[in-house]
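Colleague: This is the structure I have questions about; it appears just below.
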Amino acid sequence: MSSVELDDITVNYSLHGSGPPVVLLHGLAEDHRSWDGVADRLRGFTVYALDLRGHGQTTAGEGTGTLTQLSGDLDAFLRSVTGPAAVVGYSLGGTIGLRAATEPDTLISHLIAIATSSVVGSAAAEFFAGRIAQLEAGDTSGFAAGLRDDTAAQIVTPSDVDAVTARRLDAIGDGSGYINAARAMIGIRSEPLNPLLEHVGIPVDIIGASDDVFCPRRASDIIVEGVTGSRYHEIAGAGHLISVDQPDAYGTLIARLLGERQSA
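All residue numbers for the sequence shown refer to my numbering, where the first residue is -5 and numbers rise by one.
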């Protein structure tokens, strides 16, 4: 593992391989380990798998609860560590990548946004608010039980839900990063990314899952409609946690898309 000081946080990341740089951004309640099954397939690239602010071993700093701050963390990492790079973001990570890609001076050369939303509805905002309330009240057992239910609902294949949940709880740690990121997602309820998507001027690929009830096909369609030239791809037999349901198809598709854009 490696780390770098960026503004008010110390960012933890794994690094392996050689070739053009690819930065991997995990989802809420995850850390760099969620990419283990994908990173091994990205031969020919230098792969950086980050722990986002307050997740895994990355410190929480002074969180503002905004997507602007989280996308600024990504921009700082690109400018300090990798230079121009492809970015692969899952769920929260995809939303961060989209926000960063709207900046005219972005260093993202190609974005793959997976199971990603550019706007949050009222039900999702209430969901995030409920989880935040549990953590702030110190209801760790209630939060853990809720996360297990969330995890089970995000998986459609036979899996060890308890093991996946335990890994996610470990990634959350004291919960400060989860609270900060969940607040950022609530924020795009009132300030959706949709009006900004026309400013994305880099190649964008969108990946969805056939059975994702947390981020359904319509969420991907909105992004494809808003980003000129973007492409949609779907993984069959997967819920929101694609890396658990279909790790082989997931890693193979990401590797193919990166390779296509690299050789274009």
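The beta-carbon is built from N, C-alpha and C at its ideal position, and this holds for glycine as well.
In terms of residue numbering, what span does the alpha helix (DSSP H) encompassing ARG161 cover?
Modeller: For the purposes of this step, residue 161 is taken as residue 167 along the sequence shown, with counting starting at 1. Element bounds for ARG161: 155 to 166.
Colleague: Look up HIS234 in the DSSP assignment and say whether it is helix, strand or coil.
Modeller: Position 240 of the sequence shown, counted from the first residue, corresponds to residue 234. Residue state, collapsed to three classes: coil.
Colleague: Nearest-angstrom Cα distance between ALA165 and HIS20?
Modeller: By one-based count along the sequence shown, residue 165 stands at place 171. By one-based count along the sequence shown, residue 20 stands at place 26. One C-alpha to the other measures close to 11 Å.
Colleague: Which of helix, strand or coil does DSSP assign to THR40?
Modeller: In the sequence shown, the residue the question calls residue 40 occupies position 46. THR40: strand per DSSP, three-state reduction.
Colleague: Check for me: the alpha helix (DSSP H) holding VAL218 runs from which residue to which?
Modeller: Locating residue 218 in the sequence shown gives position 224, where the first residue counts as 1. Looking at the DSSP string, the run of the alpha helix (DSSP H) that includes VAL218 is 211 to 220.
Colleague: Please state the DSSP three-state secondary structure of GLY88.
Modeller: For the purposes of this step, residue 88 is taken as residue 94 along the sequence shown, with counting starting at 1. Correct three-state label for GLY88: helix.
Colleague: With three or more beta-carbon pairs closer than 8 Å as the criterion, would you say the segment 152 to 163 touches the segment 179 to 192?
Modeller: no
Colleague: If you count every other CB in all the chains shown that lies within 10 Å of the CB of VAL207, and 16 or more means buried, which is it?
Modeller: Taking the first residue of the sequence shown as position 1, residue 207 is located at position 213. The residue is exposed, with fewer than 16 neighbouring Cβ atoms inside 10 Å.
Colleague: Can you name the residues that DSSP bridges to ASP199?
Modeller: For the purposes of this step, residue 199 is taken as the residue at position 205 of the sequence shown. DSSP lists ILE106 and ARG225 as the beta-bridge partner residues of ASP199.
Colleague: Alpha carbon to alpha carbon, how far is ILE236 from ALA175?
Modeller: One-based indexing of the sequence shown puts residue 236 at position 242. One-based indexing of the sequence shown puts residue 175 at position 181. Whole-angstrom Cα-Cα distance: 20 Å.
Colleague: Would you say ASP69 and ALA94 are within 8 Å of each other, going by their C-beta atoms?
Modeller: Stepping through the sequence shown from its first residue, residue 69 is reached at position 75. Stepping through the sequence shown from its first residue, residue 94 is reached at position 100. Yes, these two residues count as a Cβ contact at 8 Å.
Colleague: Kindly indicate which residue of TYR42, ALA107, THR58 and GLY57 has the alpha-carbon position closest to the one of GLY285.
Modeller: Residue 285 cannot be examined here, being either before or after the span of the chain that is shown, -5 to 258.
Colleague: Below 8 Å on the Cβ atoms is my guess for PRO197 versus GLY167; work out the distance and round it to an integer in Å.
Modeller: Start at 1 with the first residue of the sequence shown, and residue 197 comes out as number 203. Start at 1 with the first residue of the sequence shown, and residue 167 comes out as number 173. The pair is not a contact, with the Cβ atoms about 35 Å apart (cut-off 8 Å).
Colleague: Since ALA109 and VAL16 should fall inside the 8 Å C-beta cutoff, what is the C-beta to C-beta distance between them, to a whole number of angstroms?
Modeller: Here residue 109 refers to the residue found at position 115 of the sequence shown. Here residue 16 refers to the residue found at position 22 of the sequence shown. That pair is no contact at about 18 Å.
Colleague: Within 10 angstroms of its Cβ, does THR62 collect 16 or more other Cβ (buried), or is it exposed?
Modeller: Reading the sequence shown from its first residue, position 68 is the one you call residue 62. Under this definition THR62 is an exposed residue.
Colleague: From the DSSP output, in three-state form, read off GLY83 for me.
Modeller: Residue numbering aside, residue 83 sits at position 89 when the sequence shown is read from its first letter. Strand, per DSSP.
Colleague: Please work out which residues of its chain come closer than 6 Å, Cβ to Cβ, to THR40, disregarding the five sequence neighbours upstream and downstream, and give them in chain order.
Modeller: Within the sequence shown, the letter at position 46 stands for residue 40. Only GLY11, SER12, GLY13 and PRO15 meet the Cβ criterion.
Colleague: What did DSSP end up calling LEU267 once you bin it into helix, strand or coil?
Modeller: Limits of the chain in this structure are -5 at one end and 258 at the other, which puts residue 267 out of reach.
Colleague: For ALA213, I'd like the list of residues in its chain whose CB is within less than 6 Å of its CB, leaving aside the five on either flank, ordered along the chain.
Modeller: Counting from one through the sequence shown, the residue named residue 213 turns up at place 219. So the qualifying residues of the chain are SER111.
Colleague: Pull up the CB-CB distance for ILE200 and HIS227, whole angstroms please, since I reckon it's below 8 Å.
Modeller: Walking along the sequence shown from the start, residue 200 turns up at place 206. Walking along the sequence shown from the start, residue 227 turns up at place 233. Indeed, because the Cβ distance is near 7 Å, the residues count as touching under 8 Å.
Colleague: What are the partner residues of GLU(-1), as DSSP defines its beta bridges?
Modeller: Taking the sequence shown and counting its residues from 1, one reaches residue -1 at position 5. Paired residue(s): THR4.
Colleague: Excluding the 5 residues flanking GLU56 on each side, which residues of the same chain have their C-beta closer than 7 Å to its C-beta?
Modeller: The sequence position of residue 56 within the sequence shown is 62, counting from 1. Only ASP2 meet the Cβ criterion.
Colleague: Is VAL17 helix, strand or coil by DSSP?
Modeller: The residue you call residue 17 lines up with position 23 of the sequence shown. Of the three classes helix, strand and coil, the one that applies to VAL17 here is strand, per DSSP.
Colleague: Which stretch, first to last residue, makes up the alpha helix (DSSP H) that contains ARG177?
Modeller: Mapped onto the sequence shown, residue 177 falls at position 183. Element bounds for ARG177: 170 to 184.
Colleague: May I have the straight-line CA-CA distance separating VAL75 from LEU101, to the nearest angstrom?
Modeller: On the sequence shown, residue 75 is found 81 positions in, with the first residue counted as 1. On the sequence shown, residue 101 is found 107 positions in, with the first residue counted as 1. Answer to the nearest angstrom: the Cα atoms are 11 Å apart.
Colleague: Among the candidates SER8, LEU9, ASP67 and GLU130, whose CA atom is the shortest distance from the CA of GLU(-1)?
Modeller: Taking the sequence shown and counting its residues from 1, the one referred to as residue -1 is at position 5. Comparing Cα positions, the closest option is ASP67.
Colleague: Counting Cβ pairs closer than 8 Å, one from the segment 236 to 250 and one from the segment 23 to 38, do we hit at least three?
Modeller: yes
Colleague: Would you tell me roughly how many angstroms separate the C-alpha atoms of THR89 and VAL218, rounded to the nearest one?
Modeller: Here residue 89 refers to the residue found at position 95 when the sequence shown is read from its first residue. Here residue 218 refers to the residue found at position 224 when the sequence shown is read from its first residue. Between THR89 and VAL218, the C-alpha separation is close to 13 Å.
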